[in-house]
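There are 4 protein chains.
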Amino acid sequence: MTTLEKLIKHFERFPGIGSRQARRFAHHLLTEPAESVIELSELISAIQSTVKECAFCHRFHAVNGTGDVCTICADPKRDHTRLIVVERDSDMLAIERSGTYDGLYFILGGTVPLLDSEDIKKLRGTALKRRVTKQAGNGLAEIILAFSVNPDGENTSRYVESILKDSVATHTITLTHLGRGLSTGSELEYADPETIKNALSNRK
Amino acid sequence: MTTLEKLIKHFERFPGIGSRQARRFAHHLLTEPAESVIELSELISAIQSTVKECAFCHRFHAVNGTGDVCTICADPKRDHTRLIVVERDSDMLAIERSGTYDGLYFILGGTVPLLDSEDIKKLRGTALKRRVTKQAGNGLAEIILAFSVNPDGENTSRYVESILKDSVATHTITLTHLGRGLSTGSELEYADPETIKNALSNRK
Amino acid sequence: MTTLEKLIKHFERFPGIGSRQARRFAHHLLTEPAESVIELSELISAIQSTVKECAFCHRFHAVNGTGDVCTICADPKRDHTRLIVVERDSDMLAIERSGTYDGLYFILGGTVPLLDSEDIKKLRGTALKRRVTKQAGNGLAEIILAFSVNPDGENTSRYVESILKDSVATHTITLTHLGRGLSTGSELEYADPETIKNALSNRK
Amino acid sequence: MTTLEKLIKHFERFPGIGSRQARRFAHHLLTEPAESVIELSELISAIQSTVKECAFCHRFHAVNGTGDVCTICADPKRDHTRLIVVERDSDMLAIERSGTYDGLYFILGGTVPLLDSEDIKKLRGTALKRRVTKQAGNGLAEIILAFSVNPDGENTSRYVESILKDSVATHTITLTHLGRGLSTGSELEYADPETIKNALSNRK
């Protein structure tokens with residue numbers, strides 16, 4: 001295999017990228033200024049040593065003066081009585097973008113699909129229990145499960161509830177879920193009965 | 205114009221139907237059994253005299269023993285202390301399908317688009333005020349605005365609030381809106397900040 | 409069932425129409441002027457007696473002074489030496505719109521799907537053979553098979569070739585197929601090998 | 613900007629990639645084995661020196677024993693009497709995949725959009741003229757213009773015809789275009805008049 005073909009193979013492993021777009025990526029690099037291509041090469045070779053998983057919330061974060069812990073977890077001004085559990089880094093970023101939450105996070109690392117219970121092993125279930133016990137000592141009062149509203153998200157929710165059952169009872173922590181109702185763009189006529197039911201009971 | 209062309213023109217006026225599908229509808233009728241086509245012709249000729257607008261909620265309903273009023277409005281077991289205002293018949297049907305509401309309805313007849321305030325004239329604003337005053341005498345305690353979560357729906361909401369301002373003050377009626385949050389199918393990563401904000405504040 | 413519900417059921421039988429759109433059609437008729445609804449009812453009741461299948465090409469056509477035969481088949485100025493076989497009326501209309509053909513047509517009445525050979529019975533195979541024999545006496549020189557370029561269309565093509573094999577041999581008729589190549593909107597990069605092969609061999 | 617943010621910025625310059633997918637690419641690299649990430653970094657740093665533009669057809673090709681010229685242009689068994697002009701490398705690959713052409717290629721480098729005649733400057737118009745003159749000495753008999761069937765492709769076709777006008781006259785070279793007609797997947801009913809016209813005139 002030539003250098004070009006090897007490079008295309010690497011790009012084909014990128015999430016959501018097929019062989020045609022992988023080839024376009026390679027051609028893109030062939031037409032970029034040489035210094036830009038060298039910079040990209042250097043950034044890629046440095047990425048794994050400059051970005052680490054936060055020891056506390058497990059999200060990827062730039063290595064910095066806060067040591068093993070990311071800037072959010074290290075921030076003493078964040079509200080340590082609340083913890084949101086999400087599937088992935090991108091979910092945490094979506095919540096941060098909303099600018100309405102100043103508590104802490106825990107990245108579970110994925111979902112529990114209905115059909116493949118093997119996937120449970122890849123999740124940070126045990127780490128979550130340890131984290132809750134530890135933060136309980138610092139006044140943790142509420143755990144908010146923030147999963148997508150689809151079968152996988154709901155199954156993940158049941159899984160997390162089951163593994164945290166004892167911890168929340170022992171430490172009198174409240175377990176909550178994100179509120180349901182009409183989301184931006186929802187049209188009443190096409191809303192499913194469950195969404196309308198929640199929108200009615202959450203009216204205000 | 206031939207009978208076929210005239211028929212196609214009629215079908216082109218049907219909502220969402222272009223010339224190609226209108227032609228297919230005509231061909232469909234040409235291949236249906238004669239008795240079925242005659243029945244359809246008779247149903248169409250009878251529809252306007254057997255289906256009327258309810259004098260109370262303004263939805264279309266089959267003329268029946270309850271006179272000018274539809275079966276929902278005439279039902280003494282429905283909760284007369286609550287009134288949901290919706291844009292169209294189809295929104296009311298969506299709420300009925302959810303099986304979680306037993307109050308009454310009012311069909312506004314459309315939305316107030318941001319750019320075309322002329323459309324206000326087509327809405328039943330005056331009829332809504334009369335209806336509220338009348339039902340207030342029967343114990344109306346809450347009006348629920350149930351509009352789509354988009355610019356037109358929000359503008360319609362502001363319009364209805366403005367025309368009902370005095371009535372709700374006079375009769376101490378609570379004005380509420382459907383709850384917002386994650387709807388069925390929402391993925392956290394793609395949720396907009398407003399939806400996440402509402403999902404967080406409505407958590408439970 | 410009420411008149412409204414019966415009417416909605418009829419609209420649900422229209423091609424491509426689900427229950428929600430069927431309901432919208434009924435509501436559309438409720439808001440149309442009474443005279444328009446009556447006219448539609450009358451057009452529908454008259455359609456089967458004013459539109460007939462042409463005895464020659466089998467397309468639907470308005471009954472007129474030309475008797476059982478449509479205006480195209482009855483037109484002495486059309487070229488009787490050529491016959492295009494298509495699946496449906498709409499295919500014939502597409503060819504007429506192109507304004508580049510002045511021969512005659514035969515509507516086969518459908519395709520032969522790969523998986524359901526029962527559908528052959530619904531096609532006008534026997535009628536086509538009779539038609540070819542008859543037109544052969546009037547100088548028929550070429551039969552053009554004009555089917556969609558997909559598995560069903562290609563299977564239909566093989567079927568028609570097999571039933572016409574003897575006729576074309578006996579009467580020395582040429583059997584042709586529509587030319588293949590790049591169609592309007594085709595992008596070379598996404599074209600399949602078969603299309604490129606045909607585009608290359610038909611270059612000019 | 614952190615290393616992560618810089619890397620994401622680079623990925624955002626990749627064709628068709630937005631900020632969300634750029635971030636996913638970075639996260640993908642964070643979870644890949646270290647040796648795979650290092651290999652990717654090395655391939656990227658080497659790509660511009662191992663892949664060159666062919667001096668003859670201008671496509672990107674791996675530097676190899678054939679010098680400045682790619683394996684296709686250097687192959688004495690390819691038919692040097694024919695030359696296909698395409699917009700991009702990917703078009704050439706599509707034609708190679710069809711396995712029905714063994715002549716040579718010239719990559720024009722883009723299209724001439726109807727609205728932006730500035731783009732002409734980026735194309736290899738002058739290089740194409742030189743190439744034709746040179747290959748004419750080696751028996752070039754036919755130039756095949758292989759552009760997409762859309763306004764930009766047709767405008768590019770007119771542009772190339774104008775710049776080659778004199779050369780083809782001087783050297784008695786035939787200028788052809790890819791054949792038009794029904795492409796794979798075309799349905800007759802939805803085919804435009806131009807495609808039907810070509811399909812009829814190219815029938816066989």
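Protein chains in written order, with our numbering: chain A, 1 to 204; chain B, 205 to 408; chain C, 409 to 612; chain D, 613 to 816. For glycine and all other residues, C-beta sits at the position ideal for the given N, C-alpha and C.
Going by beta-carbon coordinates alone, are Ala250 of chain B and Thr534 of chain C separated by less than 7 Å? no
Interface residues of chain B facing Phe147 of chain A [CB-CB closer than 8 Å]: Leu392
Within chain D, partners of Asp89 of chain A - CB distance below 7 Å: His639, listed in chain order.
Look up Val364 of chain B in the DSSP assignment and say whether it is helix, strand or coil. helix
Among the residues of its own chain, which have a CB less than 7 Å from the CB of Thr541 of chain C, if the five just before and after it don't count? Ser575
Short Cβ contact (7 Å threshold) for Ile144 of chain A with Ile84 of chain A: yes
Less than 8 Å between the CB atoms is what I'm expecting for Ser449 of chain C and Ser245 of chain B, so what's the real figure, rounded? 5 Å
Would you decide whether Leu318 of chain B is buried or exposed? Buried here means 16 or more other CB atoms lie within 10 Å of its CB. exposed
When Cβ atoms are compared, which residues of the stretch 166-182 of chain A fall closer than 7 Å to chain B? Taking 7 Å as the Cβ-Cβ cut-off, the stretch 166-182 of chain A approaches chain B at Thr176, His177, Leu178, Gly179, Arg180, Gly181, Leu182, given in chain order.
Residues in the same chain with beta-carbon distance under 6 Å from His175 of chain A, minus the five sequence neighbours each way, listed in chain order, please. Looking at the sequence shown, residue 175 of chain A is not His but Leu. Excluding residues within five positions, the ones whose Cβ falls inside 6 Å are Ile143, Val168.
Does the structure place the stretch 796-810 of chain D close enough to the stretch 563-570 of chain C that three or more beta carbon pairs sit under 8 Å? no
Apart from the five residues just before and just after Ala230 of chain B, which ones in its own chain have a Cβ nearer than 7 Å to its Cβ? Leu208, Leu211, Ile212, Phe215
Check whether the Cβ of Asp527 of chain C sits closer than 6 Å to any heavy atom of the ligand FMN, and report yes or no. Because no ligand of any kind appears in the structure shown, any question about the ligand FMN cannot be addressed here.
Run through chain D and tell me which residues come within less than 8 Å of Ile47 of chain A, C-beta to C-beta. Thr615, Leu616, Leu619, Ala638, Leu641, Leu642, Val649
So, is Arg82 of chain A buried or exposed, given that buried needs 16 or more other C-beta atoms within 10 angstroms? In this structure Arg82 of chain A is buried. Its beta-carbon is surrounded by 16 or more other beta-carbon atoms within 10 angstroms.
When the cut-off is 7 Å and only beta carbons count, does Pro763 of chain D lie next to chain C? no
Glu187 of chain A and Ser352 of chain B closer than 7 Å at C-beta: yes
Outcome for Glu291 of chain B when other beta-carbon atoms lying within 10 angstroms are tallied against a minimum of 16: Flag for Glu291 of chain B reads buried.
Closer than 7 Å, CB to CB, is Ser162 of chain A near chain B or not? Under the Cβ distance rule, Ser162 of chain A does not count among the residues neighbouring chain B, no pair being separated by less than 7 Å.
Continuous alpha helix (DSSP H) stretch holding Val493 of chain C: start and end: Careful: Val493 of chain C lies outside any alpha helix (DSSP H), inside the beta strand (DSSP E) at 487-494.
Kindly give me the distance between the Cβ atoms of Ser795 of chain D and Gly475 of chain C, rounded to whole angstroms, as I take these residues to be in contact under 8 Å. That belief does not hold up - the Cβ atoms of Ser795 of chain D and Gly475 of chain C are roughly 40 Å apart, past 8 Å.
Quick check: the Cα distance between Gly139 of chain A and Asp79 of chain A, rounded to an integer number of angstroms? 10 Å
Where Asn537 of chain C sits in the DSSP three-state scheme: A small correction: the amino acid at residue 537 of chain C is Lys; Asn does not occupy that position in the sequence shown. Lys537 of chain C falls in the helix class under three-state DSSP.
Exposed or buried, which one is Asp703 of chain D when buried takes at least 16 other CB atoms within 10 Å? buried
How many whole angstroms separate the CB atoms of Gly518 of chain C and Lys530 of chain C, which I take to be in contact at a CB cut-off of 8 Å? Yes, Gly518 of chain C and Lys530 of chain C are in contact; Cβ-Cβ is about 6 Å, under 8 Å.
Backbone CA spacing between Gly103 of chain A and Arg636 of chain D [nearest angstrom]: 25 Å
Short CB-CB distance (under 7 Å) between Asp731 of chain D and chain C: no
Within this structure, are the beta carbons of His226 of chain A and Ile107 of chain A separated by less than 7 Å? The structure shown does not extend to residue 226 of chain A, since chain A is modelled only from 1 through 204, so no value can be given for it.
Taking C-alpha atoms, which residue in D:Glu644, D:Ala758, D:Cys685 lies nearest to Arg743 of chain D? D:Cys685
Am I right that Asn406 of chain B and Asn202 of chain A are in contact with their C-beta atoms under 8 Å? What's the rounded C-beta distance? 5 Å
Check the Cβ of Gly220 of chain B against every Cβ in chain C and list those closer than 7 Å, keeping chain order. Gln429
For Phe464 of chain C, three-class secondary structure by DSSP: coil
Under a Cβ-count criterion, where at least 16 other Cβ atoms within 10 Å of its own Cβ denotes burial, should Gly545 of chain C be classed as buried or exposed? exposed
Exposed or buried, which one is Gly179 of chain A when buried takes at least 16 other CB atoms within 10 Å? buried
Give me the residue from D:Thr643, D:Met613, D:Val663 with the minimum Cα distance to Pro15 of chain A. D:Thr643
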